[in-house]
Every structure is written in structure tokens, then in C-alpha cells.
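This report refers to the structure that appears directly beneath it.
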Amino acid sequence: METRQLGSTGHEVAPIGLGCMGMSWGYAESQRDDTSSVEVIRRALDAGPVLLDTADAYGDGHNETLVGRALAGRRDDAVVATKTGIVVQDLATRTLGRNGSPEHIRHSADSSLRRLGVDVIDLYYLHRVDPLVPLDESWGALADLVREGKVRHLGLSEVTREQAATAHRAHPVAAVQSELSLWTRDPLDPRTGISGWCADNGAAFVPFAPLGRGFLTGRYRSADAFEAGDFRATNPRFGGEALAANLRIVAVVEEVAARHGATAAQVALAWTLTRGDHVVPIPGTKQLRYLAANTAAADIRLSARDLADLDAAPAAVGSRY
Ligand SMILES: NC(=O)c1ccc[n+]([C@@H]2O[C@H](COP(=O)([O-])OP(=O)(O)OC[C@H]3O[C@@H](n4cnc5c(N)ncnc54)[C@H](OP(=O)(O)O)[C@@H]3O)[C@@H](O)[C@H]2O)c1
């Protein structure tokens with residue numbers, strides 16, 4: 028199986044990783060099932076080493092504990108990435124705050140190591156820059172964790188090129204994670220896009236929500252498809268008129284998929300892989316059948332015509348959050 032270099036981490040990983048967030052919160056929570064989620068993670072590791080993505084905030088620790096259960100006896104099959112810097116203020120309503128203070132980072136790293144049941148975190152991201160704490164201070168605390176052997180490599184999430192460069196001068200940025208998919212292309216902007224910065228500086232670019240939070244799979248065709256509490260039920264892109272307009276993007280993806288005898292989800296993932304060899308997407312699923320399909324997307328070879336059609340798909344209607 029083809030592998031990709033995960034930025035400057037030295038790890039070779041499967042081209043498509045696994046995002047674990049939805050196993051704990053965010054999407055269709057009534058369908059959550061920890062036992063089957065552990066099975067999904069373990070099955071993903073069969074293609075290992077695989078980049079597993081979690082965060083302390085997802086389910087307020089629940090997701091890291093789940094990943095830890097799946098990792099038991101399988102540590103070497105995973106490159107374990109987690110995050111610090113977002114704090115859960117109210118779990119029931121998913122109300123979030125930020126805390127990038129060195130004290131918080133030190134404390135949350137120890138908690139993450141314990142929940143994950145590992146000696147060292149392979150890739151530790153600052154989930155968001157805290158506007159009240161200079162990035163240098165947060166990044167310095169993260170670099171200390173590397174020196175102490177608790178963390179191997181550092182990453183950033185949703186940062187500007189300037190922020191990435193500032194951090195990189197103090198300690199190497201091994202990876203940056205931001206939203207990238209056929210309906211969120213900002214990281215590809217040739218002037219400001221963070222993906223280009225990553226390619227130029229030896230960092231991996233890790234697209235989150237590469238399936239447009241499920242929308243690009245063609246599975247969701249009306250705003251009432253989402254149960255109360257589902258993140259998408261109140262998201263601007265999934266609301267009435269915006270959703271109807273955005274289905275024009277899905278139509279293009281489905282047309283290309285038909286040429287390959289593939290699914291729209293597979294084409295959406297294959298497209299992210301064409302954005303550069305430094306790109307390792309992390310689609311999320313809690314279902315074995317989707318995991319298998321998503322893994323197989325790495326084998327799809329999109330033609331110049333496919334790429335031209337996908338690039339010409341309309342821009343999304345509605346903001347990301
Ligand atoms: N850094 C950040 O701020 C940030 C923000 C958001 C997410 N993330 C990370 O990125 C990961 C991926 O993003 P995401 O989970 O938000 O969105 P996503 O990967 O774009 O989409 C996940 C949704 O797509 C569905 N799905 C997955 N594969 C499918 C397939 N083959 N066919 C049909 N439906 C499919 C899933 O359904 P089921 O659940 O039913 O399988 C789920 O509803 C997360 O798990 C998390 O680790 C990071």
C-alpha cells in the first residue's frame with residue numbers, strides 16, 4: 028500500500044487517516060456506539076501505521092479514552108495525534124472556550140497521555156491560538172513537552188501563514204490541520220493558503236472535515252436530515268436555501284464518481300490527495316462500511332478532466348461555522 032511522509036515527523040503513514048471526533052460528539056449522537064467505534068479504529072489500524080486524530084475537547088476527554096481503548100496492544104500501528112487549547116465549558120451544549128496558557132497545556136498533556144494510555148503523543152497540536160495568550164508562550168510550553176519526552180512532534184490548527192512562521196522559528200511545525208474540502212478551499216489560496224506554507228516548510232497539511240462534515244457524500248439532501256443537537260442542524264451551510272444551493276457541488280462530485288464507479292465520498296477524498304504529497308486527510312466515520320470505502324479512495328486516480336470539473340464546482344453558500 029502506498030504511504031505518505033507525515034511532514035517532518037519521520038513517520039510514513041497510510042495516505043488517508045481517521046478522524047475520531049464524531050465517535051464522541053457532533054454528528055448524529057443518537058447513533059454513537061463505543062464498542063463499534065473501537066472496532067472501527069482497530070480496523071483502520073490494519074492499514075497501519077495510520078494517523079489517528081483526536082483532541083481532549085472531543086466529548087471532554089471521552090474521545091481520547093475511546094482511542095486509548097482501541098490502541099491497547101496496537102500502539103505501533105498508529106501515529107497518535109491529539110490537541111490542546113480548547114476547553115469544554117458545557118458538555119451538553121458543546122460550549123467551548125480557549126486556554127493556551129502554559130499551565131493549562133502542561134496539565135492537559137498529562138491528562139491526554141493518561142486517557143490515551145500511551146507514553147508519548149506522536150503529534151500534539153495547539154487546537155486554536157488563544158487570543159489572550161501570545162502564541163510564543165503556548166508554543167514554548169509545547170516545545171518543553173517535546174524536551175521532556177512526553178510529545179514527539181508539534182502541530183497547529185487553523186492558523187495563518189504568519190502564525191505558522193512565528194511558531195516554526197522557535198520549534199519546527201511538523202503539521203498544520205485546517206478545514207479543506209471541495210466546499211472549503213481557503214487553505215489552497217496561492218497567496219495566503221496554509222497548505223502552500225506547509226509544502227514550503229516541510230510540514231504535513233492535514234485536511235479536517237474533508238467530506239464537508241458528510242455533505243459531500245450526497246447523504247444529506249434536506250435540512251431536516253439532522254437530529255436536534257447535531258452540529259449541522261444549526262450550521263449555516265446546511266440550512267434550507269444554502270443546502271439546496273450547495274447540492275450543486277454534490278452533483279459535480281457525483282458525476283465524477285460515476286465515471287470511476289466510485290462513491291462521491293471517495294472522489295471528495297481522492298481530490299484532497301491531489302493537492303500535494305504533503306497532504307494527509309482525516310475523514311471521520313463511526314461505521315465500518317464507510318471506513319473501508321474511505322480507505323479505498325487512495326486508489327482512485329482522478330484525470331485532468333475530473334480535476335477540471337471538480338475545480339469548476341460552485342463555491343459553497345454559507346459560512347463554515
Ligand atoms: N482541528 C479542528 O478544529 C477540527 C474540526 C473538526 C474536525 N476535526 C477532525 O477532523 C476529523 C474529520 O472531520 P469531520 O468528522 O468533522 O467531518 P468529515 O470527515 O468531513 O465528515 C464526517 C461525516 O461524514 C460521514 N461519512 C464518513 N464517511 C462516509 C462515507 N464514505 N459515506 C457517507 N458518509 C460518510 C460520517 O458519518 P458517520 O458518522 O455515520 O460515519 C460523518 O457524518 C474529525 O473526526 C476530527 O478528528 C478537526
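According to the numbering used here, the sequence shown is numbered sequentially starting from 28. Where is the CB? At the ideal position from N, CA and C, for every residue including glycine.
As summarised for the segment 248-304, the continuous alpha helix (DSSP H) elements at least 4 residues long and confined to that stretch are 267-287 and 291-300, given in chain order. DSSP, read as helix, strand or coil, puts T187 in coil. Distances taken from the Cβ of G311 to the heavy atoms of ligand 1 include one shorter than 7 angstroms. Y85 has no beta-bridge partner at all, per DSSP. Sorting V200, R196 and V160 by C-alpha distance to the C-alpha of R179 places V200 at the top. In the displayed model, R141 falls within a helix according to three-state DSSP. Taking 8 angstroms as the upper bound for CB-CB distance, I113 and L123 are in contact here, some 5 angstroms apart. As the crow flies, the alpha-carbon of L334 is around 12 angstroms from that of A284. Contact annotation, I43 with N321: C-beta distance approximately 6 angstroms; criterion of less than 8 angstroms satisfied.
Your pair F232 and V294 does not check out as a contact, with CB atoms roughly 19 angstroms apart and the cut at 8 angstroms. For ligand 1, no non-hydrogen atom lies closer than 7 angstroms to the CB of F265. Distances taken from the Cβ of F235 to the heavy atoms of ligand 1 include one shorter than 7 angstroms.
For T299, the closest of G220, A278 and L207 by C-alpha to C-alpha distance is L207. The beta carbon of S64 is closer than 7 angstroms to those of M50, L93 and K313 in its chain, skipping five residues each way along the sequence.
Counting along the chain, G223 sits inside the alpha helix (DSSP H) bounded by residues I221 to D227. Where S64 is concerned, there is no enclosing beta strand (DSSP E), although the alpha helix (DSSP H) around it starts and stops at D61 to L72. Secondary structure of Y317 (DSSP, three-state): helix. Residue environment analysis places G241 among the buried positions, since at least 16 neighbouring C-beta atoms fall within 10 angstroms of its C-beta. Between ligand 1 and the CB of D103, the shortest heavy atom gap is not smaller than 7 angstroms. Here DSSP, grouped into helix, strand and coil, assigns A236 to coil. Excluding sequence positions up to five before and after G245, its CB lies within less than 6 angstroms of the CB of V277, E281 and A291, all in the same chain and listed in chain order.
In the displayed model, T109 falls within a strand according to three-state DSSP.
Cβ-Cβ separation between E254 and S57: approximately 6 angstroms, consistent with a contact (criterion under 8 angstroms). Straight across, the Cα-Cα distance linking H195 with A323 is about 34 angstroms. R259 and Y247 have their C-alpha atoms roughly 10 angstroms apart. Contact between A191 and W166 is ruled out by a C-beta separation of about 10 angstroms, above the 8 angstroms threshold.
Our two residues, D251 and G37, have alpha carbons roughly 45 angstroms apart in a direct line.
Distances between the C-beta of A335 and the heavy atoms of ligand 1 are all 7 angstroms or more. A distance below 6 angstroms between beta-carbons, with the five flanking residues on each side excluded, links L270 to the following residues of its chain, in chain order: A250. The continuous beta strand (DSSP E) containing G124 extends over residues T122 to R125. For the pair L153 and V145, the Cα-to-Cα distance works out to about 19 angstroms.
A direct Cα-to-Cα measurement between A41 and G267 gives close to 37 angstroms. When secondary structure is reduced to three states using DSSP, A340 falls in the coil class, being assigned neither helix nor strand.
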